Amino acid sequence: MTRRSRVRSWPAATGRRDGQAAKERAEREALAQGFRYRTMFIGILGAIVTLSAVVVLLGATGMLAESRSRPLTVAEQTRYKQEEIARRWQAWPATGVFPEEVSYQGFDQAQQYARRVGIAPEVTCAAATDRAVARVLDGHGCVTMLRATYVDQSAMFVFTVGVAVLKDEESRVAATEELTIDDRVGVLPVAFPGTVSERFGLDQRQRNGWVGAGPYIVFSTAGYTDGRTRAAIPVEEILHSELWSAARSVSGQIAFFLAEPPKAPRCTQGNAC
2 MTRRSRVRSW PAATGRRDGQ AAKERAEREA LAQGFRYRTM FIGILGAIVT
52 LSAVVVLLGA TGMLAESRSR PLTVAEQTRY KQEEIARRWQ AWPATGVFPE
102 EVSYQGFDQA QQYARRVGIA PEVTCAAATD RAVARVLDGH GCVTMLRATY
152 VDQSAMFVFT VGVAVLKDEE SRVAATEELT IDDRVGVLPV AFPGTVSERF
202 GLDQRQRNGW VGAGPYIVFS TAGYTDGRTR AAIPVEEILH SELWSAARSV
252 SGQIAFFLAE PPKAPRCTQG NAC
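Following our numbering, the residues of the sequence shown are numbered contiguously, the last one being 274.
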């Protein structure tokens, strides 16, 4: 009997092929996913770049529009004038605030000129006014006090003019609403030795007054160069003397100079729009 040889059957080599196919499929999926991520990244980056370009373009357009000369609005012109007036006490020299000569009118309506005797050092508002006035000024943020002394054309009258600088016009208005109407108090006189004003002191003050102008309160006090005191003058003369009308005229002129509205430019860059 013939012996049959056994032949071992081997499984088909499909397992290796299936593994290779799975590996290739995984690689393709990884490549596809990477491509999707790359596409998404490029899209996001492109959006960011586009948005940045738009922002830069809008900013450049706005800057160009802002830098281009345009007509000033009424509010801008008003603010320009207020700022110009408010800085004059610093921007102008002392001789600009207190001119060498100031015109005024006497009782006969003739134009006359008061002459500046001297300009006092800048001091605090409290140091240059009576206590009742100082309390009001300090309460509203008075910045400083500028003072100068004048004599009239006849050299009979002497005036000290004081410019109280407030923070702004609103503060000045609030302060003037609280100031006393007592004409015995106000700015303290400044006498200059060796001049006709040397005898002008506290007792020699005849009357005191003030006028508001912009952010400034312009005070004035008046007396006689011969040293006469208020107590030595009849009340009727104190109230109706040419001395006081001249003093008010001089201080009013200085207030007018300080608060006269400047001519505002028509455009943001001058007068050419």
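In this text, a Cβ means the ideal position worked out from N, Cα and C, and glycines have one as well.
Since we're looking at a predicted model, the values are computed, not measured.
- Contact check for valine 159 and threonine 226: beta-carbon distance about 5 angstroms, within the 8 angstroms limit, so the pair qualifies.
- Listed in chain order, the alpha helix (DSSP H) runs fully inside the region 134-183 are 170-177, counting runs of at least 4 residues.
- Annotation note: the region 42-89 contains the following uninterrupted alpha helix (DSSP H) runs of length 4 or greater, listed N- to C-terminal: 75-87.
- Its chain contains Leu189 and Pro190 as the residues whose beta carbon lies nearer than 8 angstroms to that of leucine 203, once the 5 sequence neighbours on both sides are disregarded; these appear in chain order.
- Arginine 69 and isoleucine 86 have their C-alpha atoms some 26 angstroms from each other.
- Taking a cut-off of 8 angstroms on C-beta distances, the region 146-162 touches the region 123-137, as three or more cross pairs fall below it.
- Leaving aside the five residues that flank glycine 213 on each side, the residues in its chain whose CB is nearer than 6 angstroms to its CB run, in chain order, Arg173 and Thr177.
- Taking a C-beta distance under 7 angstroms as the contact criterion, valine 186 and aspartate 131 qualify as a contact pair.
- Taking every protein chain shown into account, the CB of threonine 222 has 16 or more other CB atoms within 10 angstroms, so this residue is buried.
- Secondary structure note for glutamate 102: its beta strand (DSSP E) is the uninterrupted segment 102-106.
- Of Gln113, Val164 and Arg267, the smallest CA-CA separation from tryptophan 211 is found for Val164.
- Note that the C-beta distance between aspartate 169 and proline 216 is below 7 angstroms.
- Around the beta-carbon of glycine 224, 16 or more other beta-carbon atoms lie within 10 Å, marking it buried.
- Secondary structure of glutamine 207 (DSSP, three-state): coil.
- For glycine 97, the enclosing alpha helix (DSSP H) covers residues 95-98.
- For glycine 253, the uninterrupted alpha helix (DSSP H) run begins and ends at 243-260, by DSSP.
- Less than 7 angstroms divides the Cβ of serine 198 from the Cβ of valine 118.
- The C-beta distance from valine 251 to valine 134 rounds to 19 angstroms, too long to meet the 8 angstroms contact threshold.
- In the three-state reduction of the DSSP assignment, glutamine 110 falls in the coil class.
- DSSP places isoleucine 120 within a strand segment (E or B) once states are collapsed to three.
- Secondary structure of alanine 115 (DSSP, three-state): strand.
- Between the alpha carbons of glycine 142 and alanine 129 lies a distance of about 15 angstroms.
- Boundaries of the beta strand (DSSP E) harbouring serine 221: 217-225, taken from the DSSP string.
- Of the candidates Pro235, Thr196 and Leu180, Leu180 places its Cα closest to the Cα of asparagine 209.
- A distance below 7 angstroms between beta-carbons, with the five flanking residues on each side excluded, links proline 72 to the following residues of its chain, in chain order: Arg267, Cys268 and Cys274.
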